[in-house]
Each structure stands twice: as structure tokens, then as C-alpha cells.
Amino acid sequence: MAVKYGKFEMPKKIKIEEIGPHKIRCIAEPFERGYGHTVGNLIRRIILTSLEAPAILSVRIEGVSHEYTAIEGIIEDMTVICLNLKEALLRMKNIEDETLMEPRIITKTLEITTDQIAKNKGAYQVTLGDILGESPFELVNPDFPVFTVTKPLIKQIDLRIGIGRGYVPSERHNFEPKMHEIVLDSIFSPVRLVNYFVENTRVGQDTDFDRLILEITTDGRITPKEALNFSIEIGKAHLQVFDSLKKHEVVFDTGEVTANKEKEEILEKLALKINEIELSVRSTNCLAGANITTIGELVVMPESEMLRFRNFGKKSLSEIKEKLAEMGLSLGMDLSKYGINRGNIQAIIEKYLQEKVEK
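Residue numbers for the sequence shown follow the working numbering, beginning at 219 and rising by one.
If you want it as C-alpha cells, here you go:
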């Protein structure tokens, strides 16, 4: 059984603006009053809590037993190194590789030679790219420094990488660490900031509809457009859970019948000949001299232009404005919502009259 509901105003087009590195502004309008906040808050919460990305879960460096250790030949202590590793921005190279969804250990044997140190004036800076350059994950910030080496060294570094959501403190990771493996707090969320704003927008003569503006900033692991797309898919998946409760099919009025009726009514007025309405002989002759033969050609004419016509004065202008007002029309009318403008008014009237004859 179907239940008929009235029309809901919904956006016909979404506007996306690039406003900075990894930042977009998304504008959607019109929504029914209140739905801007409903939709905006839903998308914002999903983006901030539910998007997934890879992050480093733990680190193990050969010869380091705990996170408060100083390492010979390295300026930074292990605490600083752990903080720097948390800044790694990773994304999957192949999103269809399901094996990457499981945590894995990436092993790198790091060798820093005397020549490398000498070329860098006695201090070689090891970056994320040096440690993770050949992993199954793509590094967004490969040049980010991790530690500085002042003596030649060879060390094995093991990084455990997994995929998750949001922020997960070290004590909540679900794996058993190996000996001397240091578990890290992990920042999985690839989103830096999400804001939404709701403004009033116009539909016809009503100005109390909602314009939704979303501003999304990511850290480069995913694009802002991907963040928006993924959040919408997550929201749809959760709402589909309630499909099992559906008892009736809801059919929404699209407003097309009303819009067609309005257009038919306005065209009927616009197609009237000037001599079919009660104007003075002077005004009728002035319009005829300007080659204006229908009401449609008259209403698309700006008031300022009317006064330029020969023998056309303010008295004639007042008479015409008064007559148009009685018909619910005015000079310089915006008829764009009916697809009518000054350039096509004659063709549209001719087509309307032809179709009326054929009926």
C-alpha cells in the first residue's frame, strides 16, 4: 500500500569549491526548513568518527627495550621518535587488496654510512620515507623527520601498521605486543576539521528554506571529496537497517503537476494581445509603434526602457503598470523559473498558441 506525501524541497545540484590544500566547501540548497541542520550534523559526525585510514600501531627498534631509552648515535630519545612516528600519514596503494585490512609488520634494515653523515655535515636526518619507502602503503609525508643520526649504524626497525577509525590509545589496541615492541597511540582519522553552516535561501517567494554549507579539511590520506562520499555511503548503510520495518511505500509529490499548472496559467496571460486588454488608445498606439503586440513581450520589458519609446510618458506607464498589476503581472518580470526570457518570449508564445490550436 502506498501513502502519498507532499513535496519536499531538495537540492537539485551540489556545488563543490576548492578553497585550499585538501579543503573544500560543499554547498547544497534548498532543503526544507530544519533539514540543513539535520543533514549537516549527520554528515559531520560520520566524517569525524567513522572514516578509516592506516596508522602505525607500534614500533620496535633493534637494541631498544622501552620508550624512555636513549640510543647511541641518535640525537633524539625514543620518546621523541615515537611522537614523530605518530605523524606518519599513510594511505593504501591498492584499496581493493583486502589483506591490507589486517595489521601487518613492516620490517626495514636501516643502514646509515659514514659518507651519508659526512655529506649532511655530521648529522643525517632519517625520514619516514627512509623507513617506509617500499611498504604496501603510500606515504603522504615521506620527508617528515623521525630522528637524527650522528654515527654510522645498522638497525632493524619493525613497524606494525593497521587500519582503524578515530583515535585509539595504546592500551586499547587489540594485539599482543612482542618483546621490546612499543605500542603507540594511533590517529586513524584522516580528517582535520569539519564545519557546517546553515543559511536562509529562497524558493519562489519564500525565504525560509535552508542552504547547507559544509567545509571539510583532510590531512591528505584521503581527499575531502572522498571523505564526503564515504560518509554518505556509511550513513545510507545505517539507515537501510530500518528497511525491515517498512509497512507502506511512501510516494512523494515532485511538484511537477503544480509547476506545469502554474506555467500554463502564466502563459495564458502572456499570450494575450495588447488590444485584448482595456488600455487607452494613446498607450495602445505607443506599444504598437514599439512592435510590442503581446502581454508577454510587454512584461519582459524593463520600466526604464519603456520611457524611451516615442510619445510614451509617465501617465501611459502608470496606466500599464496598473493594468498589469490587476493581472498579477509587472514590468521587468523574472520568468526564468518557467524558462522564459526576453530572447525567447515570442517563440514560446507562438509555440503555446500552436499547441492550443492542436488540442
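Here a beta-carbon is modelled for each residue, glycine too, at the ideal position from N, C-alpha and C.
- Within its own chain, the residues whose Cβ lies closer than 7 Å to the Cβ of I567, once the five positions on either side in sequence are excluded, are L488, A489, T512, G514, listed in chain order.
- When only Cα atoms are considered, A445 and I484 end up about 45 Å apart.
- For the set I349, F249, K533, R528, the Cα lying nearest the Cα of K231 is the one of F249.
- For the set A271, L432, A288, T419, the Cα lying nearest the Cα of I279 is the one of A288.
- Annotation: H255 to L303 spans about 38 Å, alpha carbon to alpha carbon.
- With 16 or more other Cβ atoms inside 10 Å of its own Cβ, P272 counts as buried.
- Its Cα nearest to that of D428, the residue M228 stands out among E270, M228, A220, I274.
- Judged by DSSP in its simplified three-state form, D426 adopts strand.
- The three-state reading of DSSP puts Y570 in helix, counting H, G and I together.
- Within the region 253 to 326, complete beta strand (DSSP E) segments of at least 3 residues are found at 270 to 279, 308 to 310, given in chain order.
- Annotated as proximal: L371 and G291, with beta-carbon spacing under 7 Å.
- When DSSP reads this structure, A246 sits in a beta bridge with I232, L430.
- Residue range 342 to 345 is occupied by the beta strand (DSSP E) that includes V344.
- Counting only runs of 4+ residues, the alpha helix (DSSP H) found wholly inside the region 525 to 560 occupies 532 to 544, in chain order.
- Looking only at E305, K481, I299, the smallest Cα-Cα distance to Y385 is reached by E305.
- In this model, S407 and R383 are separated by some 6 Å (Cα to Cα).
- Look at the beta carbons and you see the region 431 to 439 touching the region 230 to 245: at least three pairs across the two are nearer than 8 Å.
- Here S353 carries a coil assignment [DSSP, helix/strand/coil].
- For L328 and E394, the gap between their C-alpha atoms comes out near 25 Å.
- The C-beta of P239 has fewer than 16 other C-beta atoms within 10 Å across all chains shown, which makes the residue exposed.
- Where T332 is concerned, the enclosing alpha helix (DSSP H) starts and stops at 332 to 337.
- The bridge partners DSSP lists for Q374 are T327.
- Your pair L497 and I538 checks out as a contact, with CB atoms roughly 7 Å apart and the cut at 8 Å.
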